[in-house]
Amino acid sequence: MKKIIIVGAGGHARSCLDLINCSKQFKFAGFVDNFSSNKMVIGKDRDLKKIFKKVKFALIGLGQIRSNSKRLKLFRMLKKIGYKLPVIKSPNAYVSNLAKIDEGTVVMHRAIINSYAKIGKNVIINTGAIIEHDTVIKDNSHISTNVTINGECIIEKNTFIGSNSVVVNNVRVGKSKFIKANSLVKKNK
46 MKKIIIVGAG
56 GHARSCLDLI
66 NCSKQFKFAG
76 FVDNFSSNKM
86 VIGKDRDLKK
96 IFKKVKFALI
106 GLGQIRSNSK
116 RLKLFRMLKK
126 IGYKLPVIKS
136 PNAYVSNLAK
146 IDEGTVVMHR
156 AIINSYAKIG
166 KNVIINTGAI
176 IEHDTVIKDN
186 SHISTNVTIN
196 GECIIEKNTF
206 IGSNSVVVNN
216 VRVGKSKFIK
226 ANSLVKKNK
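See below:
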């Protein structure tokens, strides 16, 4: 079985570890984190090149709330070193075989991604989120817990949509927007 590291060791990283264990696609090799004292940490960011000699797959375990700049920086650094960033999907998520999901994206438990949806690189589709038909979620975005994005929406890159928010059909949410929890988005932002 192929080995994978998780960069980060906080709450989102531990949720990602659960996905890896449930999906049985990879064997967890350890966390890489600059600050954690977690006993499963095998190194710091400065050790990523050395770790790459033994482990070729990585997942970014940092969550995103206010800014995705750290996630984006890590994504670029990991790609430059040569890591492969696979899509990690919960076996309890539903992903249409007509949907497309790009590298480094994580799809958490009970998420739904319906037909012809397109999910970009380095995206978090969090627990219970629903992405309806023909919707596009662009790179480096975070769709938080229990968000519903209805059909034919476009969520531009670097955007955060907070828990329990709803985006109605045919709405575009612009680049680098922050939509707070429990929002109803009825028009382009």
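Numbering (this note's numbering), first residue to last: 46 to 234. For each residue, glycine too, the CB sits at the ideal point set by N, CA and C.
Assigned exposure category for residue i - 16 Cβ within 10 Å defines buried
i, result
"N142", "exposed"
"G149", "buried"
"N167", "buried"
"K232", "exposed"
"I126", "exposed"
"A58", "buried"
"A226", "exposed"
"R121", "exposed"
"G56", "exposed"
Residues near residue i by beta carbon distance below 7 angstroms, same chain, minus five either side
i, result
"D90", "V77, N79"
"L62", "I51, F73"
Neighbourhood of residue i by C-beta, 8 angstroms cutoff - its chain only, sequence neighbours within 5 removed
i, result
"I188", "V168, I169, I170, N171, A174, I176, I182, I194, I200, I206"
"V218", "C198, I199, I200, E201, T204, I206, V212, I224, V230, N233, K234"
Residue span of the beta strand (DSSP E) that contains residue i, given as start and end
i, result
"K47", "47 to 52"
"A74", "71 to 77"
"F80", "No beta strand (DSSP E) holds F80; DSSP gives it neither H nor E."
"A103", "102 to 105"
Residue range of the alpha helix (DSSP H) that includes residue i
i, result
"K124", "114 to 126"
"G88", "Note, G88: premise wrong, no alpha helix (DSSP H); beta strand (DSSP E) at 86 to 88."
"K95", "93 to 97"
"G56", "56 to 68"
Neighbourhood of residue i by C-beta distance below 6 angstroms, restricted to the same chain and skipping five residues each side
i, result
"V132", "I146, T150"
"Y161", "L143, H178, D179"
- Query: What are the uninterrupted segments assigned as beta strand (DSSP E) that are 3 or more residues long and contained completely in the segment 166 to 222, given in chain order?
  - Reply: none
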